[in-house]
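Trainee: Counting in full-length UniProt numbering, the sequence shown runs from 1 upward without gaps.
First, the structure itself, so that you have it in front of you.
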Amino acid sequence: MTEEAREKEVENWRNIFQKLNQDQNKLYNEKLESNNKLASQELEIEIQKRKFTSKESELNLIRNNISQLNVEIERLRKSNDNLLKNNEGWREKQSRFQQQIPSMLQLIPSIISGNSFTKSEKPQQQ
């Protein structure tokens, strides 16, 4: 081989190695970019999972609040029913007392005014 052919061959190999080096760098950069995209997608998935978990927790909290409110509504309904029953009982008692007032008034002794109050012999006229 001549010196010129040899140098040409060496230059050829240099170009091949340089091209391989460039290709290797290109592949490395593509791999980094791919890994970054993957990491970004994994991060987005994690964010969505946390949002879902947060929304699920919020939903469970709302369900719990609704359940507690339903219990409180039922308690108030029963209390209201009891108050209505008690009110009805008091109305009946009041009605009976009002009916008895005239006969009770007749039992109160009549009094006449004077220097001192004395019992009257006659029942008071109404």
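Glycine included, every Cβ here is placed at the ideal spot set by N, Cα and C.
Given the structure is predicted, the values throughout are model-derived calculations rather than measurements.
Going by DSSP, what residue range makes up the alpha helix (DSSP H) through Leu73?
Mentor: According to the sequence displayed, residue 73 carries Ile and not Leu. For Ile73, the enclosing alpha helix (DSSP H) stretches over residues Glu3 to Leu107.
Trainee: To the nearest angstrom, report how far apart Gln94 and Leu61 are at their CA atoms.
Mentor: 48 Å
Trainee: Taking just the CA atoms, how far does Phe52 sit from Arg63?
Mentor: Cα to Cα, the separation comes out at about 16 Å.
Trainee: Please work out which residues of its chain come closer than 8 Å, Cβ to Cβ, to Arg14, disregarding the five sequence neighbours upstream and downstream, and give them in chain order.
Mentor: none
Trainee: Return the chain-ordered list of same chain residues with a C-beta closer than 6 Å to the C-beta of Asn65, the five sequence neighbours on each side being excluded.
Mentor: none
Trainee: Alpha carbon to alpha carbon, how far is Lys49 from Gln18? Give it in angstroms, no decimals.
Mentor: For Gln18 and Lys49, the distance between alpha carbons rounds to 46 Å.
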